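>
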Amino acid sequence: MEAHETAESYDPTRYERPSVTVDVVIFTLLNQELHVLLVQRRRWPYDGYWAIPGGFINMDESLESAALRELEEETGVRDVYLEQLYTFGGVGRDPRTRVISVAYIALVRSDAQPIRVSDESTDVRWFAVRELPTELAFDHDQILAYAISRLRSKLEYTTLAFQLLPEVFSILELKHIYEQILGEKLDKGNFYRKIKEAGLLEETALMREGRGRPTRLWRFKPDRASDKQFVFRWREDRTTLGGGRSQESGDQRATCDETSALLTSVSKGSAQRPTVANDRRVFLCGLRAF
Numbered sequence: 417m418e419a420h421e422t423a424e425s426y427d428p429t430r431y432e433r434p435s436v437t438v439d440v441v442i443f444t445l446l447n448q449e450l451h452v453l454l455v456q457r458r459r460w461p462y463d464g465y466w467a468i469p470g471g472f473i474n475m476d477e478s479l480e481s482a483a484l485r486e487l488e489e490e491t492g493v494r495d496v497y498l499e500q501l502y503t504f505g506g507v508g509r510d511p512r513t514r515v516i517s518v519a520y521i522a523l524v525r526s527d528a529q530p531i532r533v534s535d536e537s538t539d540v541r542w543f544a545v546r547e548l549p550t551e552l553a554f555d556h557d558q559i560l561a562y563a564i565s566r567l568r569s570k571l572e573y574t575t576l577a578f579q580l581l582p583e584v585f586s587i588l589e590l591k592h593i594y595e596q597i598l599g600e601k602l603d604k605g606n607f608y609r610k611i612k613e614a615g616l617l618e619e620t621a622l623m624r625e626g627r628g629r630p631t632r633l634w635r636f637k638p639d640r641a642s643d644k645q646f647v648f649r650w651r652e653d654r655t656t657l658g659g660g661r662s663q664e665s666g667d668q669r670a671t672c673d674e675t676s677a678l679l680t681s682v683s684k685g686s687a688q689r690p691t692v693a694n695d696r697r698v699f700l701c702g703l704r705a706f
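Given below as structure tokens:
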């Protein structure tokens, strides 16, 4: 019978050890559109391809610390809202070696800080979500599609949208952020009513001057920052950003509903990630409203 391992007898080379990376999908609102930050790779593999910022973790740092470090090193962006998204570990996802990637979602205001190119990239750029490069490096199409799907779903029960706003803002600015993330036009009256009923905002004495009547400014109630009971049912009375009611063909709707169910099952651990062959379908369904 094999003896029990101890601190003295344990052999760290007994098991294979995959490499671990972090990837950060960072969103902002720029020129009134939802954008994602990508870097253009300088080295093999995928030299010249656009990719999500990220890299390998160090042995002496946490996953979150690695994500923040890689984001700042590759883009110059720091002080962001950050939360873990999902772990991607498909065999063969990286041609260099066995690599498991822990992906994060980050949100930042577009006026918060400038971006810069690192030594490992040839360019860094904000891309409108509806105008992304045709093909991204590695499995980053899949990661980005999953990030967008998660971002949209979390609008219904978290205060995530407020991370893209300044300290004070108008109701219309908040509504616009919801519309850009969801890819849907929301009814102004219904939105205002639902936001007020949720009790998330407090009125300020500040007004913004402009054309017509001055606009009242609001702020987010700090004591509601971690409120998980917030529910915002945006799916009622919605239209596409192109105008008219939101409609899809039966085949497209069925396919995207199937994909949405798959992503939900994955997040709950009851299904495996989509295969590489299905990445583009997942990606397009994630962006279909744009």
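The opening position of the sequence shown corresponds to residue 417 in my numbering, with each subsequent residue numbered one higher. All C-beta atoms, glycine included, are put in the ideal place defined by N, C-alpha and C. None of these values were measured; they are calculated from a predicted model.
#1: Where does GLN448 land, buried or exposed, given buried means 16+ other C-beta within 10 angstroms?
#2: So, for THR422: in the same chain, excluding its five sequence neighbours on each side, which residues have a beta-carbon less than 6 Å away from its beta-carbon?
#3: Here's a check: name, in chain order, each residue in its chain whose Cβ is nearer than 8 Å to the Cβ of ARG635, leaving out the five neighbours to either side.
#4: Do you know offhand how far TYR593's Cα is from ARG433's?
#5: Do THR444 and TRP542 have their beta-carbon atoms positioned less than 9 Å apart in this structure?
#6: For GLN558, does the three-state DSSP call read helix, strand or coil?
#7: Would you report the Cα separation of SER435 and TYR426, rounded to the nearest angstrom?
#8: Between which residues of its own chain and ARG512 is the CB-CB distance below 7 Å, once the five residues before and five after are set aside?
#9: Tell me the residue span of the beta strand (DSSP E) that contains GLY605.
#10: Alpha helix (DSSP H) containing LYS487: first to last residue?
#11: By how many angstroms is the C-alpha of MET475 removed from the C-alpha of GLU424?
#12: With distances taken from CA atoms, which of SER526, ALA467, GLY505 and GLY492 is nearest VAL517?
#13: Who are ALA528's beta bridge partners in DSSP?
#14: Would DSSP call SER537 helix, strand or coil?
#15: I need the straight-line Cα distance from LEU454 to ARG566, nearest angstrom please.
#16: Could you give the C-beta distance for ALA468 and LEU560, rounded to a whole number, given that I count them as a contact under 8 Å?
#17: Does the structure place the stretch 528 to 536 close enough to the stretch 485 to 500 that three or more beta carbon pairs sit under 8 Å?
#18: What's the C-alpha gap between GLU595 and LYS601?
#19: Express the C-alpha separation of THR437 and TYR431 in angstroms, rounding to a whole number.
#20: Less than 8 Å separating the Cβ of GLY506 from some heavy atom of the ligand GDP?
#21: Over the uninterrupted beta strand (DSSP E) stretch that includes GLU449, give me the two end residues.
#22: Between the alpha carbons of ALA553 and ALA519, how many angstroms are there, rounded?
#23: Quick one: what does DSSP say ASP667 is sitting in, helix, strand or coil?
Put simply:
#1: Its Cβ having fewer than 16 others within 10 Å, GLN448 is exposed.
#2: none
#3: Apart from sequence neighbours up to five positions away, the residues of its chain that approach ARG635 with a beta-carbon distance below 8 Å are GLU583, VAL584, PHE585, LEU617, GLU618 and THR620, ordered along the chain.
#4: As written in the sequence, residue 593 is Ile, which differs from the Tyr given in the question. Using only the alpha carbons, I get a separation of about 42 Å.
#5: Contact: yes.
#6: helix
#7: 20 Å
#8: PRO461
#9: For GLY605, there is no enclosing beta strand (DSSP E); the residue is found in the alpha helix (DSSP H) stretching over 604 to 614.
#10: According to the sequence displayed, residue 487 carries Leu and not Lys. Note, LEU487: alpha helix (DSSP H), 479 to 491.
#11: 21 Å
#12: The sequence given here has Ser at residue 517, not Val. Comparing Cα-Cα distances from SER517 to each of SER526, ALA467, GLY505 and GLY492, the minimum goes to GLY505.
#13: Looking at the DSSP assignment, ALA528 forms no beta bridge with any residue, so it has no partner.
#14: strand
#15: 19 Å
#16: Residue identity differs from the one stated: residue 468 is Ile in this sequence, not Ala. Confirmed, Cβ separation roughly 7 Å.
#17: yes
#18: 6 Å
#19: 19 Å
#20: As for the ligand GDP, it is missing from this structure, which has no ligand bound.
#21: 449 to 457
#22: 14 Å
#23: Its pLDDT being 43, under 50, ASP667 is placed unreliably in this model, and the coordinates cannot settle the point.
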